[in-house]
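Undergrad: Residue numbers (UniProt numbering): 1 to 297.
Think of the CB as a built atom: it goes at the ideal place given N, C-alpha and C, for glycine as much as any other residue.
Note that the structure is predicted; figures quoted are calculated from it, not measured.
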Ligand SMILES: [Fe+2]
């Protein structure tokens with residue numbers, strides 16, 4: 001029987017600022033019922049780790065509560081966003097990445113399950129010039145070469161592109177065009193069949209140039225559910241997760257549990273990502289910290 005995998009993304013956990021913690025608790029209960037063989041986390045596990053490492057510490061401890069083995073890749077709120085910055089936010093640094101390595105282990109990896117090899121990538125270091133960028137590229141090459149007939153799925157935080165792998169617009173929503181070649185060459189060779197990502201808090205399942213690109217919904221929140229100001233990406237703005245039956249042709253089922261809260265933080269982001277940084281990172285939590293929480297870093 002094909003393995004059953006839960007694809008989970010953007011849970012944004014924080015001990016200091018647990019804005020979205022209720023959805024995490026509901027997710028844990030849902031996954032206990034689903035009993036997946038594996039949980040894949042597509043990044044943004046922390047609320048704002050570049051400003052508060054304890055978010056990583058807390059999030060990592062929370063993952064021990066998952067009812068199945070798990071693998072995770074970092075997101076921009078775990079290690080910082082791609083270089084160059086476009087929006088005035090924390091970008092990836094070697095110390096931020098080192099914090100991820102300390103708490104979560106390697107940020108790129110291969111995991112074999114059923115007839116598939118899942119390769120996790122840290123898309124935030126692409127274009128960074130860090131030594132790890134070249135090491136990851138070499139690792140990817142080797143992991144594909146040694147797949148021994150297994151089908152290959154990639155897992156990374158940001159969607160590879162909006163609609164077209166050759167589009168040239170540079171946006172922090174997607175892989176920068178200048179760094180796509182590492183994966184594009186594998187796509188041209190037919191080596192990759194499935195690409196899994198998170199980041200946009202929208203779910204979508206689309207064939208692009210013959211390769212299936214699946215966007216996981218966010219667990220924590222949505223943005224602009226009414227479609228008033230964000231660009232239309234043809235995604236669905238609801239919280240939830242995906243169940244994947246990893247057969248020869250993967251079967252995707254979108255789960256949107258009725259108990260989860262569709263919290264819309266569009267009002268934070270419409271003012272610019274800096275507003276997220278203030279509320280998630282610097283500002284006191286609602287100005288009313290419960291007793292005993294004020295000492296938390
Ligand atoms: Fe993200």
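Looking at the structure shown, is residue 234 part of a helix, part of a strand, or coil, going by DSSP?
TA: Taking the chain shown and counting its residues from 1, the one referred to as residue 234 is at position 234. Looking at residue 234 - three-state DSSP - the assignment turns out to be coil, as it is neither helix nor strand.
Undergrad: Kindly examine ligand 1 and report whether one of its heavy atoms sits closer than 7 angstroms to the Cβ of residue 234.
TA: Taking the chain shown and counting its residues from 1, the one referred to as residue 234 is at position 234. Checking the Cβ of residue 234 against ligand 1 gives no.
Undergrad: Output the boundary residues of the beta strand (DSSP E) element that contains residue 30.
TA: Translated into the one-based positions of the chain shown, residue 30 becomes position 30. Taken as a continuous stretch (DSSP letters only), residue 30 belongs to no beta strand (DSSP E), being part of the alpha helix (DSSP H) at 21–34.
Undergrad: Return the chain-ordered ranges of every beta strand (DSSP E) run that is complete within the stretch 150–199 and spans a minimum of 3 residues.
TA: Runs of the beta strand (DSSP E) inside the stretch 150–199: 151–155, 194–197.
Undergrad: Does residue 134 come out as helix, strand or coil in the three-state DSSP assignment?
TA: Within the chain shown, numbered from 1, the residue matching residue 134 stands at position 134. Helix.
Undergrad: Looking at the strands, I want to know which residues DSSP matches up with residue 214.
TA: The residue you call residue 214 lines up with position 214 of the chain shown. Beta-bridge pairing links residue 214 to 196, 205.
Undergrad: Can you tell me whether residue 275 sits near ligand 1, meaning its C-beta is under 7 angstroms from at least one heavy atom of the ligand?
TA: Your numbering for residue 275 matches position 275 in the chain shown. No, Cβ of residue 275 sits at least 7 angstroms from all heavy atoms of ligand 1.
Undergrad: Taking contact to mean at least 3 C-beta pairs separated by less than 8 angstroms, is the stretch 1–16 in contact with the stretch 242–260?
TA: Output reads yes: the stretch 242–260 touches the stretch 1–16.
Undergrad: Taking the straight line between their C-alpha atoms, what separation do you get for residue 185 and residue 155?
TA: The sequence position of residue 185 within the chain shown is 185, counting from 1. The sequence position of residue 155 within the chain shown is 155, counting from 1. Using only the alpha carbons, I get a separation of about 17 angstroms.
Undergrad: Residue range of the alpha helix (DSSP H) that residue 63 falls in?
TA: Here residue 63 refers to the residue found at position 63 when the chain shown is read from its first residue. Element bounds for residue 63: 54–63.
Undergrad: CA-CA distance, residue 254 and residue 32?
TA: Translated into positions along the chain shown, residue 254 becomes position 254. Translated into positions along the chain shown, residue 32 becomes position 32. Distance between the alpha carbons of residue 254 and residue 32 is about 17 angstroms.
Undergrad: My understanding is that residue 122 touches residue 136, with C-beta atoms under 8 angstroms, so please give their C-beta distance in whole angstroms.
TA: By 1-based counting over the chain shown, the position of residue 122 is 122. By 1-based counting over the chain shown, the position of residue 136 is 136. Contact holds; Cβ gap of about 6 angstroms.
Undergrad: State yes or no: is the C-beta of residue 44 within less than 8 angstroms of the C-beta of residue 76?
TA: Working through the chain shown from its first residue, we reach residue 44 at position 44. Working through the chain shown from its first residue, we reach residue 76 at position 76. Result yes, Cβ atoms of residue 44 and residue 76 sit closer than 8 angstroms.
Undergrad: Determine, using beta-carbon pairs with one atom in the stretch 204–223 and one in the stretch 147–162, whether at least three such pairs fall under 8 angstroms.
TA: Enough Cβ pairs lie closer than 8 angstroms, so yes.
Undergrad: Give the range of the beta strand (DSSP E) segment to which residue 112 is assigned.
TA: By 1-based counting over the chain shown, the position of residue 112 is 112. Its beta strand (DSSP E) spans residues 109–113.
Undergrad: Residues in its own chain within less than 8 angstroms of residue 270 by CB, not counting five upstream and five downstream?
TA: Counted from its first residue, the chain shown places residue 270 at position 270. Taken in chain order, the residues that qualify are 224, 229.
Undergrad: Nearest by alpha-carbon distance to residue 110: which of 241, 68, 139, 168 is it?
TA: If you number the chain shown from 1, residue 110 lands on position 110. With distances taken between Cα atoms, residue 110 lies closest to 139.
Undergrad: Determine whether the beta carbon atoms of residue 17 and residue 280 lie at a separation below 8 angstroms.
TA: Within the chain shown, numbered from 1, the residue matching residue 17 stands at position 17. Within the chain shown, numbered from 1, the residue matching residue 280 stands at position 280. In contact: residue 17 and residue 280 (Cβ atoms closer than 8 angstroms).
Undergrad: Between which residues of its own chain and residue 212 is the CB-CB distance below 8 angstroms, once the five residues before and five after are set aside?
TA: Looking up residue 212 in the chain shown gives position 212. Around residue 212: 193, 194, 195, 205, 206, 250.
Undergrad: Using 8 angstroms as the cut-off, can you tell me whether the stretch 83–98 makes contact with the stretch 126–133, which would need three or more C-beta pairs spanning the two stretches below that distance?
TA: A contact exists between the stretch 83–98 and the stretch 126–133.
Undergrad: Would you grab the beta carbon distance between residue 14 and residue 61 for me? Rounded to a whole angstrom, and I think it's under 8 angstroms.
TA: Here residue 14 is taken as the residue at index 14 of the chain shown, counted from 1. Here residue 61 is taken as the residue at index 61 of the chain shown, counted from 1. That pair is no contact at about 12 angstroms.
Undergrad: What's the gap between the Cα of residue 177 and the Cα of residue 188?
TA: As a working mapping, residue 177 is identified with position 177 in the chain shown. As a working mapping, residue 188 is identified with position 188 in the chain shown. Cα to Cα, the separation comes out at about 16 angstroms.
Undergrad: Within this structure, are the beta carbons of residue 262 and residue 238 separated by less than 8 angstroms?
TA: Along the chain shown, one-based indexing puts residue 262 at 262. Along the chain shown, one-based indexing puts residue 238 at 238. Yes, the Cβ-Cβ distance between residue 262 and residue 238 is below 8 angstroms.
Undergrad: With a threshold of 7 angstroms on Cβ separation, who are the neighbours of residue 104 within its own chain once the five nearest residues in sequence on each side are excluded?
TA: Here the question's residue 104 lines up with position 104 in the chain shown. Contacts found: 60, 72.
Undergrad: Rounding to the nearest angstrom, what Cα-Cα distance links residue 227 and residue 146 in this structure?
TA: The residue given as residue 227 occupies position 227 in the chain shown. The residue given as residue 146 occupies position 146 in the chain shown. About 44 angstroms.
Undergrad: Inspect the beta-carbon positions of residue 40 and residue 79 and report whether they are closer than 8 angstroms.
TA: Counting from one through the chain shown, the residue named residue 40 turns up at place 40. Counting from one through the chain shown, the residue named residue 79 turns up at place 79. No.
Undergrad: Does residue 222 come out as helix, strand or coil in the three-state DSSP assignment?
TA: Taking the chain shown and counting its residues from 1, the one referred to as residue 222 is at position 222. The answer is strand: DSSP assigns residue 222 an E or B state.
Undergrad: If you follow the alpha helix (DSSP H) that residue 269 is part of, which residue opens it and which one closes it?
TA: The residue given as residue 269 occupies position 269 in the chain shown. Start and end: 266–270.
Undergrad: Quick one: residues in its chain with C-beta nearer than 6 angstroms to the C-beta of residue 69, no 5 flanking neighbours on either side, listed in chain order?
TA: Translated into the one-based positions of the chain shown, residue 69 becomes position 69. Hits under 6 angstroms: 38.
Undergrad: Run the proximity test for residue 96: is its beta-carbon closer than 7 angstroms to any non-hydrogen atom belonging to ligand 1?
TA: By 1-based counting over the chain shown, the position of residue 96 is 96. No, since every heavy atom of ligand 1 falls outside the 7 angstroms radius drawn around the Cβ of residue 96.
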